[in-house]
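Chemist:
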Amino acid sequence: MVLAADLILYNGTIHTLDETHPIVTALAVVDNKISALGRDKDILDLAGPSTQKIDLEKRLVLPGFCDTHFHFYGWALRHEIIDFSKTKSFAQMEAAIRTRAEELGPGHWVSGQGFNESDWPENKIPDRRDLDRVAPDNPVCIWRGDFHLAVANSLALKLAGIDEKTNNPQGGIILRDSGGLPTGVLKEAAPNLIREVIPQLPESKVLENMEKAIFHAHGLGLTGVHDIRFMGIKEGMDAMGIWQTLDESGKLKLRCHVGLSGESLDQAIQLGLRTGFGNDRLKIGYLKFFADGSMGARTAWMTQKYLDGDYGIPVTPIKKIEDAVMKADRAGLSCMIHTIGDRACGEIIDMFSRVEQQNQSRCRLPHRMEHVQMILPGDLEKLALLKNLAVSCQPTNLGLDISMINLCLGDRGKFTYNLKNILNTGIPMMLSSDAPVTDPNPFVGIYSAVTRKRMDKTPEGGWYPKQALGVAEAVQAYTLTPAQTSGCGHILGSIIPGKLADIIVADQNIFEIAPDDIAKTKIWMTIFNGKIVYEG
Numbered sequence: 037m038v039l040a041a042d043l044i045l046y047n048g049t050i051h052t053l054d055e056t057h058p059i060v061t062a063l064a065v066v067d068n069k070i071s072a073l074g075r076d077k078d079i080l081d082l083a084g085p086s087t088q089k090i091d092l093e094k095r096l097v098l099p100g101f102c103d104t105h106f107h108f109y110g111w112a113l114r115h116e117i118i119d120f121s122k123t124k125s126f127a128q129m130e131a132a133i134r135t136r137a138e139e140l141g142p143g144h145w146v147s148g149q150g151f152n153e154s155d156w157p158e159n160k161i162p163d164r165r166d167l168d169r170v171a172p173d174n175p176v177c178i179w180r181g182d183f184h185l186a187v188a189n190s191l192a193l194k195l196a197g198i199d200e201k202t203n204n205p206q207g208g209i210i211l212r213d214s215g216g217l218p219t220g221v222l223k224e225a226a227p228n229l230i231r232e233v234i235p236q237l238p239e240s241k242v243l244e245n246m247e248k249a250i251f252h253a254h255g256l257g258l259t260g261v262h263d264i265r266f267m268g269i270k271e272g273m274d275a276m277g278i279w280q281t282l283d284e285s286g287k288l289k290l291r292c293h294v295g296l297s298g299e300s301l302d303q304a305i306q307l308g309l310r311t312g313f314g315n316d317r318l319k320i321g322y323l324k325f326f327a328d329g330s331m332g333a334r335t336a337w338m339t340q341k342y343l344d345g346d347y348g349i350p351v352t353p354i355k356k357i358e359d360a361v362m363k364a365d366r367a368g369l370s371c372m373i374h375t376i377g378d379r380a381c382g383e384i385i386d387m388f389s390r391v392e393q394q395n396q397s398r399c400r401l402p403h404r405m406e407h408v409q410m411i412l413p414g415d416l417e418k419l420a421l422l423k424n425l426a427v428s429c430q431p432t433n434l435g436l437d438i439s440m441i442n443l444c445l446g447d448r449g450k451f452t453y454n455l456k457n458i459l460n461t462g463i464p465m466m467l468s469s470d471a472p473v474t475d476p477n478p479f480v481g482i483y484s485a486v487t488r489k490r491m492d493k494t495p496e497g498g499w500y501p502k503q504a505l506g507v508a509e510a511v512q513a514y515t516l517t518p519a520q521t522s523g524c525g526h527i528l529g530s531i532i533p534g535k536l537a538d539i540i541v542a543d544q545n546i547f548e549i550a551p552d553d554i555a556k557t558k559i560w561m562t563i564f565n566g567k568i569v570y571e572g
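Under our numbering, the letters of the sequence shown match residues 37 to 572, in that order.
Set out below in structure tokens:
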């Protein structure tokens with residue numbers, strides 16, 4: 037007996053990502069699964085009296101997007117802080133802080149994130165005196181867009197107990213003036229000293245923000261995320277609890293792998309956790325470790341000095357990471373390693389080679405390298421030899437980094453964001469946003485990967501354009517590859533009968549329009565688990 041469809045989409049341009057039927061015009065959904073694909077007439081014949089039929093009017097249909105490097109838990113809380121991502125100058129940043137301090141009143145914390153001084157005309161990182169001047173009666177802490185550098189004012193430093201006698205925390209740097217006093221600029225793990233004294237939101241408010249964030253994600257075409265941990269922040273268990281509460285209450289309408297911090301390794305092993313454990317909506321994700329910092333903070337670990345700095349730093353000793361990965365690998369816990377600089381990438385590739393040669397892995401999912409922002413040709417060759425590894429890269433960050441990389445690396449910038457070269461190694465490559473570091477809109481990521489331009493469409497012809505991806509390659513890196521790499525390729529990532537009905541409809545066909553217009557694409561409809569969860 038053939039069941040009548042619950043939902044039929046017809047008169048569309050459906051890119052299935054299945055080689056046997058790459059493009060069809062109609063599909064049917066029964067319960068939460070795709071039940072049939074084909075021509076309009078054949079699929080409409082599957083309708084019953086209660087079937088919902090939607091004329092797509094030739095619109096583009098794709099599998100739901102999955103962002104595999106998204107600080108979703110932190111992003112959901114962004115409603116409570118200042119967003120500096122579109123701030124155009126140092127002066128605008130100061131004005132925003134002053135306004136928020138006046139709104140909140142004396143004594144209340146003022147927090148912000150997303151500033152990028154390299155695109156400001158002043159090209160100046162603020163210090164505590166700048167923040168003191170605009171908000172003398174409020175503790176203030178603001179984060180650079182890459183989250184590897186923060187700036188605190190005097191009151192915030194005092195509340196955190198940071199003064200001239202405070203030692204650098206492990207993996208962190210407290211910048212000081214010539215007299216030894218903290219300037220307010222904190223790098224890598226050092227901002228966590230401030231985080232520890234910022235009042236936490238009540239669980240009810242966190243849940244409210246998470247629900248809003250999930251709906252926002254649907255509006256971007258996201259039906260899956262990998263929720264990743266920040267460095268040195270003990271939020272993994274809190275995040276897991278919130279995700280579980282959403283799942284138990286029926287409000288989890290995303291497929292989520294919840295990551296854990298590397299510091300949770302022993303605890304995770306004691307609990308018997310394994311990466312990939314869970315249900316089709318909520319799974320244990322990856323343990324996160326950090327090999328180095330960021331180029332914006334000049335802490336990414338390099339083989340040659342920055343033009344305006346030193347070599348950067350290994351945030352965690354490679355031997356310590358290797359010991360942890362070996363231990364996790366034997367326990368069935370897959371690891372992801374933050375690697376930005378070319379030295380960090382080379383060291384971590386060599387480390388994973390040793391893990392593969394020496395260990396008896398119990399991991400169901402491959403380990404991962406995150407960012408791989410700068411990689412040398414010789415290390416690309418080594419990367420291609422690894423069997424149990426995937427990479428997750430963030431093309432949206434490219435546009436934000438062009439000016440900064442030109443300044444600090446010069447022509448060595450040709451080794452950064454080598455997306456095409458990485459894809460050509462044969463290693464599974466996923467694209468992601470690193471939100472809230474960058475815009476989580478996958479169409480912005482696809483635009484960046486395909487054009488290699490800033491959002492203002494500069495530079496003409498793209499920045500090192502030989503490393504550009506094709507549209508189909510970028511789409512696969514947001515859909516099928518994440519599903520396959522995450523052990524979900526049999527139920528997600530493409531539009532095939534029997535797979536879960538996570539489907540998006542776009543308002544324009546990104547395979548046919550000019551690449552410069554891809555970022556303007558909007559979501560017309562998002563279907564999650566067979567139900568419409570967003571209509572644009």
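Beta carbons: idealized from backbone N, C-alpha and C, even for Gly.
What does the alpha-carbon distance come out to for the pair Glu139 and Gly215?
Modeler: 35 Å
Chemist: Check the DSSP bridge columns for Asp328 and list the partner residues they point to.
Modeler: Answer is Pro350, bridged to Asp328.
Chemist: Going by DSSP in three states, Glu571 sits in which element: helix, strand or coil?
Modeler: Residue state, collapsed to three classes: strand.
Chemist: Contact between the region 536-551 and the region 237-246 is defined here as three or more beta-carbon pairs at a separation below 8 Å; is this criterion met?
Modeler: no
Chemist: Report, in whole angstroms, the separation of the C-beta atoms of Phe151 and Met129, which I expect to be a contact under 8 Å.
Modeler: 6 Å
Chemist: Less than 8 Å between the beta carbons of Ile70 and Gly534, yes or no?
Modeler: yes
Chemist: Per DSSP, which residues does Val8 bridge with? Please list them.
Modeler: Summary: the structure shown does not reach residue 8, with the chain confined to residues 37 through 572, and so no result is reported for it.
Chemist: Quick check: Ala18 and Thr123, are their CB atoms within less than 8 Å of each other?
Modeler: Residue 18 cannot be examined here, being either before or after the span of the chain that is shown, 37 to 572.
Chemist: Looking at the structure shown, is Lys69 part of a helix, part of a strand, or coil, going by DSSP?
Modeler: Looking at Lys69 - three-state DSSP - the assignment turns out to be strand.
Chemist: May I have the straight-line CA-CA distance separating Lys456 from Lys502, to the nearest angstrom?
Modeler: 8 Å
Chemist: If you drop the 5 nearest sequence neighbours on each side, which residues of the same chain put their C-beta closer than 8 Å to that of Asn47?
Modeler: Thr61, Ala62, Asp76, Asp91, Leu92, Glu93 and Lys94
Chemist: Taking 6 Å as the limit between beta carbons, can you name the residues of its chain near Met653, skipping five residues before and five after?
Modeler: In the structure as shown, the chain starts at 37 and stops at 572, and residue 653 therefore has no counterpart that could be examined.
Chemist: Considering Cα atoms alone, identify which of Asp538, Ile568 and Asp155 is closest to Pro99.
Modeler: Put simply, of Asp538, Ile568 and Asp155 the residue whose alpha carbon is nearest the alpha carbon of Pro99 is Asp538.
Chemist: What whole-angstrom Cβ distance do Val187 and Leu217 have, given they're in contact under 8 Å?
Modeler: Going by Cβ atoms, the distance from Val187 to Leu217 rounds to 14 Å, so no, they are not a contact pair.
Chemist: Taking its Cβ as the centre, do 16 or more other Cβ atoms sit within 10 Å of Gly308, making it buried, or is it exposed?
Modeler: exposed
Chemist: Within 10 angstroms of the Cβ of Phe313, are there 16 or more other Cβ atoms? Answer buried if so, exposed if not.
Modeler: exposed
Chemist: Report the CB separation of Thr577 from Thr259 in whole angstroms; it is logged as a contact under 8 Å.
Modeler: Any property of residue 577 remains undetermined from this structure, which presents the chain solely from 37 to 572.
Chemist: Within 8 Å, do at least three Cβ pairs link the region 346-364 to the region 431-440?
Modeler: no
Chemist: Measure how close the beta-carbons of Tyr514 and Cys102 come, nearest whole angstrom, since I'm counting them as under 8 Å.
Modeler: 7 Å
Chemist: My output table needs one value for Trp279: the three-state DSSP class, helix, strand or coil.
Modeler: helix
Chemist: In terms of residues, what are the limits of the beta strand (DSSP E) holding Asp76?
Modeler: Note, Asp76: premise wrong, no beta strand (DSSP E); alpha helix (DSSP H) at Asp76 to Leu80.
Chemist: Taking all protein chains shown into account, decide if Ile161 is buried (16 or more other Cβ within 10 angstroms of its Cβ) or exposed.
Modeler: buried
Chemist: I'd like the ranges of any alpha helix (DSSP H) spanning at least 4 consecutive residues and lying wholly in the region 395-452.
Modeler: 413-419 and 432-445
Chemist: Mind the definition here: the region 361-378 touches the region 410-423 only if three or more C-beta pairs lie below 8 Å; say whether that holds.
Modeler: yes
Chemist: Does the Cβ of Thr461 have 16 or more other Cβ atoms within 10 Å, making it buried, or fewer, making it exposed?
Modeler: buried
Chemist: Is the beta carbon of Leu73 sitting closer than 8 Å to the one on His57?
Modeler: Contact flag set, yes.
Chemist: Since Met561 is in the beta strand (DSSP E), which residue starts that stretch and which ends it?
Modeler: Ile559 to Phe564
Chemist: Have a look at the DSSP bridge pairing and note the partners of Gly314.
Modeler: Lys319.
Chemist: Using DSSP with H/G/I as helix, E/B as strand and the rest coil, what is Met465?
Modeler: In the structure shown, Met465 sits in a strand (DSSP, three-state: E or B).
Chemist: Would Gln512 be called buried (16 or more neighbouring beta carbons within 10 Å of its own) or exposed?
Modeler: buried
Chemist: Looking at the secondary structure, which residues open and close the alpha helix (DSSP H) in which Ala249 lies?
Modeler: Glu239 to Gly255
Chemist: Within 8 Å, do at least three Cβ pairs link the region 473-490 to the region 518-525?
Modeler: no
Chemist: Compare the C-beta of Ala513 against all C-beta atoms of chain B and say whether one is closer than 8 Å.
Modeler: In summary, chain B is missing from the structure at hand, where a single protein chain is found.
Chemist: Helix or strand or just coil, what does DSSP make of Gly382?
Modeler: helix
Chemist: When you compare the region 183-201 with the region 323-343, are there three or more beta-carbon pairs, one atom per stretch, that lie closer than 8 Å?
Modeler: With the cut-off at 8 Å, the region 183-201 and the region 323-343 touch.
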